[in-house]
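Asker:
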Amino acid sequence: MTVRWGILGAGWIVQTATAQALRDAPSAHLAAVAARDISRAETLEPDRAYSDYATLIDDESIDAVYIALANDQHAPWIHRAIDAGKHVLCEKPLTLSAADTQAAFDAARAAGVELVEAAWSMWHPRMRRVTDLVSSGEIGAIRNFLGTFTFDGVPEGNYRLDPQMGGGALLDIGIYPLHALIGCAPTWAPHNIAKETIDGGLGVDMTTKARLTTETGSRASIVASFSMPESQRLSIEADGGTIRITDDQAFTTWRQPTSLMIDDHVENFPETDAYRDMFEAVSGRILGRSDWLLDPSASVRVATIVDALR
Ligand SMILES: NC(=O)c1ccc[n+]([C@@H]2O[C@H](COP(=O)([O-])OP(=O)(O)OC[C@H]3O[C@@H](n4cnc5c(N)ncnc54)[C@H](OP(=O)(O)O)[C@@H]3O)[C@@H](O)[C@H]2O)c1
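Residue numbering for the sequence shown follows this note's numbering, starting at 15 and increasing by one per position.
1) Quick test of your reading: C104 and I92, contact by CB under 8 Å. State the CB separation rounded to the nearest angstrom.
2) Just how far apart, CA to CA, sit L248 and L70?
3) Suppose the cutoff is 6 Å on Cβ atoms and the five residues either side in sequence are ignored; what does the same chain contact list for W137 look like?
4) CB P177 to CB G217, shorter than 8 Å?
5) Would you report the Cα separation of T230 and D253, rounded to the nearest angstrom?
6) What distance in whole Å lies between the Cβ atoms of A89 and D114, which are believed to be in contact at a cut-off of 8 Å?
7) Taking Cβ positions, are S245 and T162 nearer each other than 8 Å?
8) Sorry if obvious, but does the Cβ on G181 come closer than 7 Å to a heavy atom of ligand 1?
9) Within the same chain, show all residues whose beta-carbon is closer than 8 Å to that of D72, passing over the 5 residues directly before and after it, in chain order.
10) My output table needs one value for R247: the three-state DSSP class, helix, strand or coil.
11) Cβ-heavy atom distance between L19 and ligand 1 below 7 Å?
12) Which one of S311, G298, T318 has the shortest CA to CA distance from A78?
13) What residues are listed by DSSP as bridge partners for S235?
14) Cβ of W137 versus every heavy atom of ligand 2: is any distance shorter than 7 Å?
15) Going by DSSP in three states, Q263 sits in which element: helix, strand or coil?
16) Where S313 and D186 are concerned, what is the direct C-alpha to C-alpha distance, given to the nearest angstrom?
17) Would you kindly work out how many angstroms separate the C-alpha atoms of V320 and Y173, rounded to a whole number?
18) With DSSP as the reference, identify every bridge partner of H205, one or two as the case may be.
19) Can you determine whether any heavy atom of ligand 1 sits closer than 7 Å to the C-beta of W92, and answer yes or no?
20) With a cut-off of 8 Å on the beta carbons, I'd call Q270 and E285 a contact; round off their distance for me.
21) What whole-angstrom Cβ distance do S273 and F283 have, given they're in contact under 8 Å?
22) Any chance the stretch 115 to 132 sits against the stretch 50 to 68, with 3 or more Cβ pairs inside 8 Å?
Here it is in structure tokens:
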């Protein structure tokens with residue numbers, strides 16, 4: 015038995031990774047794609063292509079919708095899909111605020127459908143190992159958490175540079191280290207926030223650097239940038255040990271072997287496609303299995319920290 019998926023949008027991430035990942039997930043079937051330019055939907059070779067999103071959502075043969083639209087369009091299409099009784103996997107950030115994120119989960123719960131934020135890095139076995147190690151208490155409480163995701167250059171005209179469309183580095187890539195932090199410590203909440211934002215003159219943060227501290231002195235440093243050299247770092251100093259990712263690909267490692275340093279010991283992980291694993295897990299839940307999913311509370315907590323930083 016497979017879940018029949020429809021994809022809203024046929025942009026970069028769909029063309030590069032997620033349409034194929036969905037095809038590769040044994041419990042998922044790519045039934046339909048909708049894109050404003052139908053020819054871009056057709057290139058993905060679904061059973062059916064549509065030129066508008068609502069027609070796909072109203073297609074009764076679709077069980078679940080994957081939303082891969084620009085950030086400002088997530089919330090309206092999440093609600094439209096939930097109202098039509100569809101399960102929803104939506105790209106990160108799920109919405110543009112914690113209140114909207116909570117409202118989306120409330121709507122999904124009321125309708126009895128799954129709603130999941132597609133923070134794909136959290137399905138990677140290495141990240142699962144990191145979060146399990148810390149959240150289980152095995153290496154003690156976090157003293158210092160460092161998570162950075164930076165690269166240089168967003169093409170002119172891209173929605174990432176448009177404040178009305180949910181642009182900015184924090185919403186685009188700051189989400190990743192924040193999900194890692196909350197995955198490690200689900201109730202982690204900042205008491206003090208020191209932050210520096212560099213606005214590129216377009217009304218979006220090109221860089222956000224933040225130092226967050228809890229009431230008990232646990233610290234997290236987060237850097238997200240569209241105008242710094244490409245780098246993705248993750249290191250955690252805890253009361254009982256340290257965890258480090260040393261390959262500078264902490265959040266987007268894809269189809270390649272990876273490793274993790276736990277104190278001075280290296281753990282190795284075989285190559286995988288965490289996008290495929292995400293589609294398989296969400297499909298599994300829809301089919302009644304107990305696959306691991308990112309919890310709604312994690313998405314709400316990350317959105318709450320993003321709100322505080324914006
Ligand atoms: N998980 C990941 O690794 C990952 C990586 C990159 C991005 N993302 C997320 O995926 C989503 C899409 O990102 P992307 O990089 O694929 O972006 P993109 O190539 O710019 O695609 C954005 C999509 O939004 C739709 N759209 C509708 N109205 C639009 C408008 N007025 N202007 C621009 N786009 C409009 C387009 O749909 P049509 O196809 O119908 O034209 C397009 O497919 C974002 O939420 C982003 O955060 C996730």
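In this text, a Cβ means the ideal position worked out from N, Cα and C, and glycines have one as well.
Please read these numbers as outputs of a predicted model, since none were measured by experiment.
Answerer: Working from what's here:
1) 5 Å
2) 39 Å
3) A288, D291, M292
4) For P177 and G217, yes; Cβs fall inside 8 Å.
5) 13 Å
6) 5 Å
7) The Cβ atoms of S245 and T162 lie closer than 8 Å to each other.
8) no
9) Excluding residues within five positions, the ones whose Cβ falls inside 8 Å are A98.
10) strand
11) Residue 19 is actually Trp in this sequence, not Leu. Flag unset: Cβ of W19 not near ligand 1.
12) G298
13) L160, R225
14) In the structure shown, ligand 2 is absent; the only ligands present are ligand 1.
15) If DSSP states are grouped into helix, strand and coil, Q263 belongs with the strands.
16) 14 Å
17) Cα-Cα distance, rounded: 18 Å.
18) Answer by DSSP bridge pairing: none, since H205 is not bridged.
19) Note that residue 92 is Ile in the sequence shown here, rather than Trp. Not one heavy atom of ligand 1 lies closer than 7 Å to the C-beta of I92.
20) 5 Å
21) 7 Å
22) no
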